[in-house]
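Heads up: the sequence shown begins at 1 in the working numbering, then just goes up one per residue.
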Amino acid sequence: MTVRNIASICNMFGNTCYCNSVLQALYFCRPFRENVLAYKAQQKKKENLLTCLADLFHSIATQKKKVGVIPPKKFISRLRKENDLFDNYMQQDAHEFLNYLLNTVADILQEEKKQEKQNGRLKNNGPPADAEMATTTATAAAENKTEPTWVHDIFQGTLTNETRCLNCETVSSKDEDFLDLSVDVEQNTSITHCLRDFSNTETLCSEYKYYCEMCCSKQEAQKRMCVKKLPMILALHLKRFKYMEQLHRYTKLSYRVVFPLELRLFNTSGDAVNLDRMYDLVAVVVHCGSGPNRGHYITIVKSHGFWLLFDDDIVEKIDAHAIEEFYGLTSDISKNSESGYILFYQSRE
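This is the structure we're talking about:
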């Protein structure tokens, strides 16, 4: 069944489906879409990647008949102008684009916030007197610390890298923020299993011993990665492209990896926030083909309780059970496949 009442982003400028598929997925991540559209409503001075994204989302949201396709011409032009990696007509990696887009949008928002504060301070106080210089310098230093933006509010989670010395039992931990999680894949497994493997305990021994500050010497230790803070939207990247030494190139792992419509994270640290948070699948970026530089990207999204498949200018309504077709293949990993590559899960809270 082909859907005629919803707009799609079309692929008219070379191999841009890596970009279109991610943009389509992000549009159906409601908190992200709402913030981008709110940004559009503000008065902006100069064009940047976020203004182009806001214009594109606004075009989709306000298209009167909700039919046909919307070419992302201005966005693609700006993207190619800002990053040489995307300034060609070759197929690129959708995950690299997602990572670049989220970080760039966050950087733009942080820079604008910084400029607004500086302009406000100059407007209200004028240039600082000598007696106020020390305070002003301290204030400026504090403002240079990056503040979280709505991109961070939506996508950022926190990992904790825990290391336990097996001699003195002291546990040291280091936090690391993420906007998406990249997980290894295995044949005939599930996302739950992949996440469990992600948090597996690793023993550091022999030449890999850990230097313990308490023992003041190298000791055997156990190390593991835990999720400390869960994001509002969890973006999971399945590491389906592996470099094969004998082939001197990347090849695709078309392994069958089951991703459920509902997901509860369990591999969290003891002091994790929102331990029992439940997630619903809202979008999937699917890679079709046998390698990272060959093939095609499509998108599956959930909208108003229905599942839709976007393939450039084609939009089809699909049954929830049809999503199983995009888990991957049970055998013959070199064969072309349509397999889930980036999963977007939205928290119910």
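Each residue gets a CB set at the ideal place from its N, CA and C atoms; glycine is no exception.
G340 is bridged by DSSP to V286. By the CB criterion at 8 Å, T163 and D175 fall outside the cutoff. Within the same chain, Cβ atoms closer than 6 Å to the Cβ of V258 are found at S190, Y327, the five residues on either side in sequence being excluded.
For G295, the secondary structure class from DSSP, reduced to helix, strand or coil, is strand. Closest in alpha carbon position to D197, among S206, C205, E186, is E186.
Taking C-beta atoms as the reference points, V69 and D311 fail to come closer than 8 Å. C-alpha of Q222 to C-alpha of S173: approximately 12 Å in a straight line. Between the stretch 197–207 and the stretch 223–243 there are three or more C-beta pairs closer than 8 Å, enough to call the two in contact. S331 is the residue among Q92, R240, S331, I323 whose C-alpha sits nearest the C-alpha of N188.
Closest by C-alpha distance to Q92, out of K73, L26, Y18, is Y18. F86: not part of any alpha helix (DSSP H); DSSP gives it neither H nor E. Annotation: the continuous beta strand (DSSP E) that includes E316 extends over 314–318. By the 16-neighbour rule on beta-carbons within 10 angstroms, C52 is buried. By the 16-neighbour rule on beta-carbons within 10 angstroms, T299 is buried.
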